[in-house]
Every structure is written in C-alpha cells, then in structure tokens.
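The structure under discussion appears below in the form of structure tokens.
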Amino acid sequence: MATTRLSYRDASHPSFNETIKAHNARTLKLVRMVAEFAQTVSSAQEQFALQICTMLKMSTIVFVVDFRPISCQDSLLAAWECIVQETLVDGQSQAESASLLVKNIASPLLEIASYKKSQTKKLLSFREAFEYHLDEAKDRIQKVYMDTFQTYNNKQSSKPSHAAYLNAHNDYVLQIRSSNSLLREYTTTALPLLLEELEEIHIDLSNTLSAALESYAISRHSQAGEQSHRYSGAAKVCKRVDPTLDVHDFLDAMQQQEPFSKPFAYNQQSFSIVSPHPVYRVQRKIVMDPR
Numbered sequence: 032m033a034t035t036r037l038s039y040r041d042a043s044h045p046s047f048n049e050t051i052k053a054h055n056a057r058t059l060k061l062v063r064m065v066a067e068f069a070q071t072v073s074s075a076q077e078q079f080a081l082q083i084c085t086m087l088k089m090s091t092i093v094f095v096v097d098f099r100p101i102s103c104q105d106s107l108l109a110a111w112e113c114i115v116q117e118t119l120v121d122g123q124s125q126a127e128s129a130s131l132l133v134k135n136i137a138s139p140l141l142e143i144a145s146y147k148k149s150q151t152k153k154l155l156s157f158r159e160a161f162e163y164h165l166d167e168a169k170d171r172i173q174k175v176y177m178d179t180f181q182t183y184n185n186k187q188s189s190k191p192s193h194a195a196y197l198n199a200h201n202d203y204v205l206q207i208r209s210s211n212s213l214l215r216e217y218t219t220t221a222l223p224l225l226l227e228e229l230e231e232i233h234i235d236l237s238n239t240l241s242a243a244l245e246s247y248a249i250s251r252h253s254q255a256g257e258q259s260h261r262y263s264g265a266a267k268v269c270k271r272v273d274p275t276l277d278v279h280d281f282l283d284a285m286q287q288q289e290p291f292s293k294p295f296a297y298n299q300q301s302f303s304i305v306s307p308h309p310v311y312r313v314q315r316k317i318v319m320d321p322r
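Using the working numbering, the letters of the sequence shown map in sequence onto residues 32 to 322.
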C-alpha cells in the first residue's frame, strides 16, 4: 500500500518554523555553490584551452621549421602531428565547454537563486507579520480580560460600575471571537498556503539544480566519448609507424634532390701500402723484439 508523502503543510507548528527556514536557506546556498563551481571550472577551462593551444602551436611550428631537414613522407611525424591536432581539439573543446558552463549552468542558477531568495524573504516576512498580529491579539485579550475582571469586582458598588462591567465583558467576548477568527484563518488557510509556497520554492530550486547537474554530467560524458573516439583513431595512426619505411622515404626524397654517386668499390688486390722510404719495405706482419 502506497504511503502518503509528508509535506511542509504537515509542519505548521511554530516550533518547525526555524528548521524550515534553515532547510530552504541550505538549498539556496547549494544552488549558489554550484553556480560558483561552474564559474570556477569555466575559468580554469578557458585558461587551460588558451595555454594548451598557444603552447602546442608554437612548439609545432618550431619543430617543423628547425628540425625537418627534408620534406618527405614520415609516419612518425604524422603520428606526432595527429596527437598535436587531437590535443588542440581538446583545447577548443574545453573553451566551448567553458562557455556552455556559464551560459547553461552558472547564469541560470544565479538568476533563479536571486529570485527565489527574494520570494522566500517576502513569504517569511508575511508569516512574521501575521504572527506578530496574533501576538498582539493575545495581548489585547489579556488586557480586556483584566479590565473585565476588575469591573466585575466593582460592579456591586453602583449601577454605572455594573454597566462598565457589561461593556468590558462584551469587549472581551468580541476580542476573543476576533482573535479566534484571525487564528482560524491563519492556521487553516494562510499558513498552509504559505508553507506550500515555501515547499514549491524548494522543489523548483531542487529541480533546476538537478537539471543543471545532469546537463553538466551529460556534457562531460559526451566530451569523453568524443575524446575517446578521436584518440582511438590517433592510437591507430601511432601504431602504423614504420621506421624502415620512413628511412626509405627519406632517402628516396633526398636522392630526388641530389642523386647519389656510386659507392666506393674496395678491391683488395689493388690496395697496397707504400713506404715513404725508398729502401725500407714495410713488412705486413707483426715483428717481435728478440731482446
């Protein structure tokens, strides 16, 4: 059997007032905290994107200009350029994510937090004002009761005193009826509606905040999936690196620019060592000292 969920209407006793106020204040604070979190992350992402893009562009330009002696197919360099390109895409993705964080999370949360805080303040001020009037009504009842009690003790002395007692009694009865009517209107209509409004504020804040957090999680999941797919392709490019093919392509490109001369042919028969002294002939063996 389904159970009925409790609501703020069930907490109409004055002793719960401060606890409900603290609960709504905590929700407002959490909304602002998430908005500040989004702003901080956005700022960090913007800074990261700027630094990573600047650093990679400069290092890549310097590498290509200073450390590439000849233009040719190079699978190793292609793998490096692929990694650089994917990292640059990461930087651009971080910049886009930073913009979306402010637009879709931080700004809407700060806006609704400001509005709901103002709305909550008005409702709580209304409750305090109503309860202040109820306290004043209690004080008036107490005063009229004391007047009635005093005139009752004096009613035996004279007819005017008896008339004053009747007037005081009637004032007391009217004051009780008025106070009871005010209290009944407050407890049966005004207070439940006020508590319902406070609960709706809490629910609206919670729904908005949960939607913002879900949006952030989905965005990060989507970015992670896209990043995983891109780097999976980059890994395949790195796996296809073939150093021997790179050497062949390098030498082929170099030969096209400057054809190779024929390599030196070593002929053992034509090779001889001639002594600079005309008489002394060099012996082609190791000679030991007989001493």
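Even glycine gets a Cβ: it sits at the ideal position worked out from N, Cα and C.
On a predicted model such as this, the values are computed, not experimentally measured, just so you know.
Annotation for L165: S210, L213, L214 and Y217 place their beta carbon closer than 8 Å to its own, counting only its chain and skipping 5 residues before and after. Residues V272, P274 and D277 of the same chain have their beta carbon placed closer than 8 Å to that of L107, with the five preceding and five following residues left out of the count.
Membership of L131 in the alpha helix (DSSP H) is indicated by the continuous run S106 to L132. A check of alpha carbon separations from Y247 across F68, A284 and D280 identifies F68 as the nearest. If you look at A137, you'll find it isn't in any alpha helix (DSSP H); DSSP assigns it neither H nor E. Closest option to L81, judged by alpha-carbon separation, among A126, I172 and L236: A126.
Within its own chain, the residues whose Cβ lies closer than 7 Å to the Cβ of Q254, once the five positions on either side in sequence are excluded, are S124 and S128, listed in chain order. For the pair I83 and V268, the Cα-to-Cα distance works out to about 22 Å. A straight-line Cα-Cα distance of about 32 Å links W111 and T71. For the pair A243 and L140, the CB atoms are nearer than the 8 Å cut-off. Between S73 and L154, the CB-CB gap reaches or exceeds 8 Å. In the same chain as L87, and ignoring 5 residues on each side of it, the C-beta atoms closer than 8 Å to its own belong to V115, T118, L119 and G122, in chain order. Excluding sequence positions up to five before and after F281, its CB lies within less than 8 Å of the CB of I101, C103 and D105, all in the same chain and listed in chain order. As summarised for the stretch 176-224, the continuous alpha helix (DSSP H) elements at least 4 residues long and confined to that stretch are 190-216, given in chain order. Take the alpha-carbon of H252 and the one of T220: they are about 47 Å apart. Burial state of R158 is buried, judged by a 10 Å Cβ sphere holding 16 or more other Cβ atoms. Around the beta carbon of N55, 16 or more other beta carbons lie within 10 angstroms, which makes this residue buried. Shown here for E227: same chain residues with a beta carbon closer than 7 Å to its own, the five before and five after excluded, namely Y39 and R40 in chain order. Assignment of I83 by DSSP, reduced to helix, strand and coil, places it in the helix class. In the three-state scheme derived from DSSP, where H, G and I count as helix and E and B as strand, L37 is classed as coil.
Taking all protein chains in view, the Cβ of L240 is crowded by 16 or more other Cβ atoms within 10 Å, so the residue is classified as buried. T58 is the residue among M89, L222, D283 and T58 whose C-alpha sits nearest the C-alpha of D235.
Taken through DSSP and simplified to helix, strand or coil, C103 comes out as coil. The C-beta separation of A168 from R63 comes to about 38 Å, leaving the pair out of contact by the 8 Å criterion.
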